[in-house]
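Below is one structure, written out as structure tokens; comments come after it.
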Ligand SMILES: [Zn+2]
């Protein structure tokens with residue numbers, strides 16, 4: 005944690021300072037070492053919020069891009085009395101949850117239900133080597149794709165990829181007329197809004213179950229939004245600028 009209550013005020017850690025956890029009121033001690041960013045920890049290893057992940061530098065860095073009062077914001081459900089600390093809450097009330105580790109699907113559902121208006125940012129660096137961003141796709145809602153079914157791409161494919169047309173194959177039970185994606189590459193280039201095929205080897209399947217937007221952070225200048233592309237099971241990732249995302253949500257890009 006970066007904030008604890010000291011004499012009732014949200015405070016950052018200072019050497020020797022003792023505070024109280026904003027969620028459970030348990031005493032917290034300041035950890036002011038040289039290796040990791042100064043932070044607060046519960047005295048005697050207490051886990052007050054079961055959703056709270058052990059913070060990594062990645063978490064701390066993301067939070068540092070947002071204003072003080074947007075970080076670690078405690079949330080109550082007035083009817084159930086449930087209380088959790090959101091990683092980032094923007095001025096518009098959007099919750100941004102930073103997730104480094106895999107989690108059980110019950111927890112994903114519970115967190116989405118609790119916060120409702122939220123976005124996941126996933127530390128994708130641990131699986132970057134298994135995640136291949138492939139060829140460009142047109143936007144899923146454009147006219148061009150109305151009569152197109154794309155074949156999924158694999159990173160070991162040698163060809164350009166392909167598609168077929170429902171209009172040419174009204175009953176596609178067996179073979180369909182195959183088109184190379186090269187036939188429409190100029191149109192795709194013109195319509196392009198950041199969508200790409202991808203192949204995720206040994207995927208963290210939990211992220212396909214999310215109902216809130218999932219943005220993958222591979223550590224570069226872009227975030228990649230994981231999204232269903234069509235109703236036949238094709239998924240895409242859509243590129244977005246990390247700096248633009250941070251600025252749009254009230255943060256300060258580096
Ligand atoms: Zn606590």
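Numbering (my numbering), first residue to last: 5 to 258.
We put the CB at the ideal spot given by N, CA and C, even for glycine.
Among the options, nearest to residue i - alpha-carbon criterion
| i | options | result |
| --- | --- | --- |
| residue 119 | 236, 88, 133, 109 | 88 |
| residue 229 | 171, 182, 124, 148 | 124 |
| residue 110 | 250, 55, 68 | 55 |
| residue 162 | 138, 10, 39 | 138 |
| residue 197 | 235, 146, 252 | 146 |
| residue 183 | 170, 211, 128 | 170 |
| residue 104 | 136, 258, 223 | 223 |
| residue 226 | 64, 213, 242, 107 | 242 |
| residue 108 | 7, 211, 252, 218 | 211 |
| residue 94 | 112, 13, 69, 57 | 69 |
| residue 32 | 39, 38, 44, 40 | 44 |
| residue 207 | 66, 143, 130, 21 | 130 |
| residue 234 | 144, 195, 151, 218 | 144 |
| residue 209 | 57, 64, 112, 10 | 112 |
| residue 236 | 149, 65, 63, 136 | 149 |
| residue 219 | 41, 141, 245 | 245 |
| residue 142 | 15, 14, 195, 58 | 195 |
| residue 41 | 21, 64, 57 | 64 |
Other residues of its chain near residue i: CB distance less than 6 angstroms, five sequence neighbours each side excluded
| i | result |
| --- | --- |
| residue 180 | 168, 173 |
| residue 116 | 215, 216 |
| residue 79 | 88, 90 |
| residue 165 | 139, 157, 185 |
| residue 253 | 94 |
| residue 247 | 257 |
| residue 9 | 23, 24, 26 |
Cutoff 7 angstroms; reference residue i; Cβ partners in own chain excluding five residues on either side
| i | result |
| --- | --- |
| residue 232 | 239 |
| residue 205 | 134 |
| residue 19 | 34, 36 |
| residue 60 | 104 |
| residue 221 | 125, 126, 127, 128, 227 |
| residue 39 | none |
| residue 213 | 109, 112 |
Same chain only: Cβ atoms within 8 angstroms of residue i, ignoring 5 sequence neighbours per side
| i | result |
| --- | --- |
| residue 82 | none |
| residue 53 | 27, 28, 87, 88, 89 |
| residue 251 | 257 |
| residue 30 | 24, 46, 47, 50, 52 |
| residue 151 | 169, 170, 171 |
| residue 12 | none |
| residue 67 | 6, 75, 76, 91, 92, 102 |
For residue i: DSSP bridge partner residues
| i | result |
| --- | --- |
| residue 212 | Partner(s): none; residue 212 has no beta bridge. |
| residue 118 | Per DSSP, none; premise fails for residue 118. |
| residue 127 | 221 |
| residue 6 | Per DSSP, none; premise fails for residue 6. |
| residue 102 | 125 |
| residue 248 | Answer is none; residue 248 lacks a bridge partner. |
| residue 227 | 221, 244 |
Residue i CB to nearest heavy atom of ligand 2 below 8 angstroms
| i | result |
| --- | --- |
| residue 79 | As presented, the structure is devoid of ligand 2, carrying ligand 1 as its sole ligands. |
Count Cβ pairs between the region 69-76 and the region 91-105 that sit closer than 8 angstroms; are there 3 or more? yes
Segments of 3+ residues assigned as beta strand (DSSP E) that fall wholly inside the region 12-92: 13-15, 22-24, 31-35, 43-46, 75-80
Could you check whether the region 180-196 touches the region 79-86, counting it as contact only if at least three pairs of C-beta atoms, one from each stretch, sit closer than 8 angstroms? no
Inspect the CB distances between the region 194-209 and the region 142-159 and report whether three or more fall short of 8 angstroms. Yes: the two stretches touch, three or more of their Cβ pairs being nearer than 8 angstroms.
I'd like the ranges of any alpha helix (DSSP H) spanning at least 4 consecutive residues and lying wholly in the region 140-193. Correct list: empty.
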